[in-house]
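To keep things clear, I will list the structure first and then write my remarks on it.
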Amino acid sequence: MYNILEKVFFGDTLVLKFRNIQFWNDLIIGGVKYMYEQDYIIRMNNEVIRTMVKLLLNKDIGVPVDISEGVIKSENKKMLEAANGQSGIDNIKKLEEEILTLVDANKEGALEKALVFYRYLNELPEDALLSKNYSHEKIKKGLKIIAERYGILNVIDLIYR
Numbered sequence: 001m002y003n004i005l006e007k008v009f010f011g012d013t014l015v016l017k018f019r020n021i022q023f024w025n026d027l028i029i030g031g032v033k034y035m036y037e038q039d040y041i042i043r044m045n046n047e048v049i050r051t052m053v054k055l056l057l058n059k060d061i062g063v064p065v066d067i068s069e070g071v072i073k074s075e076n077k078k079m080l081e082a083a084n085g086q087s088g089i090d091n092i093k094k095l096e097e098e099i100l101t102l103v104d105a106n107k108e109g110a111l112e113k114a115l116v117f118y119r120y121l122n123e124l125p126e127d128a129l130l131s132k133n134y135s136h137e138k139i140k141k142g143l144k145i146i147a148e149r150y151g152i153l154n155v156i157d158l159i160y161r
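So for the sequence shown, UniProt numbering puts the first residue at 1; every next one is plus one.
Next up, the structure:
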């Protein structure tokens, strides 16, 4: 059993200092590793979105990703407002299912809508996603589903390696 010496807040994160120094070091190293892994996934998701826009829509976009070049279509704006609504994960899952259905049916604008949706989610902090029972890993999975449906999964897998 470890005795807690101190409770320290770094922003919204509670860090506990224990008497056992080795454990404290492991705790800090583990936390930093987690932060680096999340940052890496976010950057890779952005790169995948940028690549998909270039390959499938033949548009060049910079970093940060700006699919809409400053203008979000009103239908996509409504979708983003719904994603940010109060109903949490149910709403995100519902929107994701709708988008994937549109992509499956090869509806006009479905790819753009999907990329705008995942880009929006990818910009949210991990804590905000976790509060809605979502994560950057789930964004990665969604992007891979889209890539598979458009026949570029092998290219996208190269980015995620």
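Backbone N, C-alpha and C fix where the C-beta goes; we use that ideal spot for every residue, glycine too. Note that the structure is predicted; figures quoted are calculated from it, not measured.
In the assembly as shown, Arg119 is a buried residue. Its beta-carbon has 16 or more other beta-carbons within 10 Å.
With 16 or more other Cβ atoms inside 10 Å of its own Cβ, Lys140 counts as buried.
Bounds of the alpha helix (DSSP H) holding Ser131 are Glu126 to Ser131.
Taking a C-beta distance under 7 Å as the contact criterion, Leu115 and Ile49 qualify as a contact pair. Between Asn45 and Leu111 the beta-carbon gap is near 16 Å, outside 8 Å, which marks them as no contact. Ranked by how close their Cα comes to the Cα of Gln38, the residues Leu100, Leu124 and Val103 have Leu124 in first place.
Asn106 sits exposed, since fewer than 16 C-beta atoms from the chains shown fall within 10 Å of its C-beta. Here Gly142 carries a helix assignment [DSSP, helix/strand/coil].
In the three-state scheme derived from DSSP, where H, G and I count as helix and E and B as strand, Tyr160 is classed as helix.
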